[in-house]
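Written out below as structure tokens is the structure these notes cover.
2 protein chains.
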Amino acid sequence: MSKQTDIQIDSQVDELLKKNNLSITGSRKKILQLFLEQTGALAHGDIEKRAGEKFDRVTVYRTLQTFVDKGLVHTIPTADNSIRYALCKDECSQGHHHDHHIHFVCSQCNNTYCLDDVVTPEINLPKGYSAEHIEVVVEGVCKNCR
Amino acid sequence: MSKQTDIQIDSQVDELLKKNNLSITGSRKKILQLFLEQTGALAHGDIEKRAGEKFDRVTVYRTLQTFVDKGLVHTIPTADNSIRYALCKDECSQGHHHDHHIHFVCSQCNNTYCLDDVVTPEINLPKGYSAEHIEVVVEGVCKNCR
DNA sequence: AACTAAAAAGCAACATTGTTGCATAAAATA
DNA sequence: TATTTTATGCAACAATGTTGCTTTTTAGTT
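Each protein sequence line maps, in turn, to chains A and B. Residue 33 is where the first sequence starts when you use the working numbering, and the numbers rise one by one after that. Residue 33 is where the second sequence starts when you use the working numbering, and the numbers rise one by one after that.
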């Protein structure tokens, strides 16, 4: 994958927002850019920090919520009370989430990755339980930290 | 499984605390009792409510932390910023967690269950990643709500 | 049973995180 | 460019989590 120029990212951002019927605003562009600029997932706090104190906290909350509602990003549950958000891949934005990949949290660098090629396994539930969604989060050491 | 009397639960609580080298105090007994009295997992907030405003919030935080440290309870990651805590089964308290079961969150009643009989599956990670712990959370409808 | 050292609980103050209503500003549409 | 719709910023608030310190309770000892 070749590194994109700023201009390329910028137009990619506009396109993504349009595709999801969102008006193009400063905060949405900036936050979406943060997601595109890096591989892992971002917590609300990360975004506030990296946005460079340009946006109100409320705006960040509302923007993230909008992105989740529109299917642009998905949430990743954690055990430390800080939901992570990650960009959905192409298949998501069509309306139904393609949420069948697993997530990986590195215990060293604390980065969160979507392992898009690893499909969630089948789970055999006891009688009476029915599954709507399966979330798999693997904790360990990532390829950059070993 | 037959319903236990209060006295039975009470002595079970003392035993559990002793086994984990914890001094026996009012809040620890009460909180442990809450866990034993019900099947699912509890969030910090649940405990504050059910304890009947008897304990300081700080005490609840510290007690839960102690329980996690000693391996009496384990945490369950969620996507709504409210960590759930659940009692570990016997095998845990020996020192190393027997954390190979999956968790189930009911989208109707919002209860969280440990499905102790459902073992976490093997996950084939990409080259370079190594797993230390695998967490599986299934969301769906539980046997009481369908 | 009383004494003592260690540990936990309670309290107050604070820090962080998340929410709501409303006025203002910016974007989309005509 | 004017108008409508939508998003942002601000202020105030609510909820959640943390820290230091004093008082109380527990467990061990005499």
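Quick reminder that beta carbons are idealized off the backbone N, C-alpha and C, glycines included. Remember, it's a predicted structure, so these values are computed and weren't measured experimentally.
The bridge partners DSSP lists for Ile-166/B are Val-170/A.
Chain-order list of chain B residues neighbouring Leu-147/A: Leu-157, Pro-158 and Tyr-161, by C-beta distance under 8 Å. For His-106/A, the secondary structure class from DSSP, reduced to helix, strand or coil, is strand.
For the stretch 84 to 117 of chain B, residues whose beta-carbon sits nearer than 8 Å to a beta-carbon of chain A comprise Thr-107, Ile-108, Pro-109, Thr-110, Ala-111, Asp-112, Asn-113, Ser-114 and Ile-115. Using beta-carbon distances, Ser-55/A does not count as an interface residue toward chain B, since no partner is under 8 Å. Sorting Gln-40/A, Arg-178/A and Leu-147/A by C-alpha distance to the C-alpha of Gly-160/B places Arg-178/A at the top. When DSSP reads this structure, Tyr-145/A sits in a beta bridge with Phe-136/A. For Gln-65/B, the CB contacts under 8 Å within the same chain, skipping 5 residues up- and downstream, are Ile-41, Asp-42 and Val-45 in chain order.
The beta carbon of Phe-99/B sits closer than 6 Å to the beta carbons of Val-105 from its chain, once the five residues preceding and following it are set aside; these are given in chain order.
Along the stretch 68 to 114 of chain A, the alpha helix (DSSP H) occurs as fully enclosed runs of 4 or more residues at 76 to 82 and 89 to 102, listed in sequence order. With distances taken between CA atoms, Ser-59/A lies nearest to Lys-86/A out of Asp-78/A, Lys-86/A, Ile-108/A and Lys-51/A. In the DSSP assignment, no residue is bridged to Tyr-161/B.
Nearest to Thr-37/A by C-alpha distance, out of Leu-119/A, Glu-69/A and Ala-75/A, is Glu-69/A. Excluding the 5 residues flanking it on each side, Phe-67/A has same chain C-beta neighbours closer than 8 Å at Leu-74, Val-105, Tyr-117, Ala-118 and Leu-119, in chain order. Residue state for Arg-60/A is assigned as helix, using DSSP reduced to three classes.
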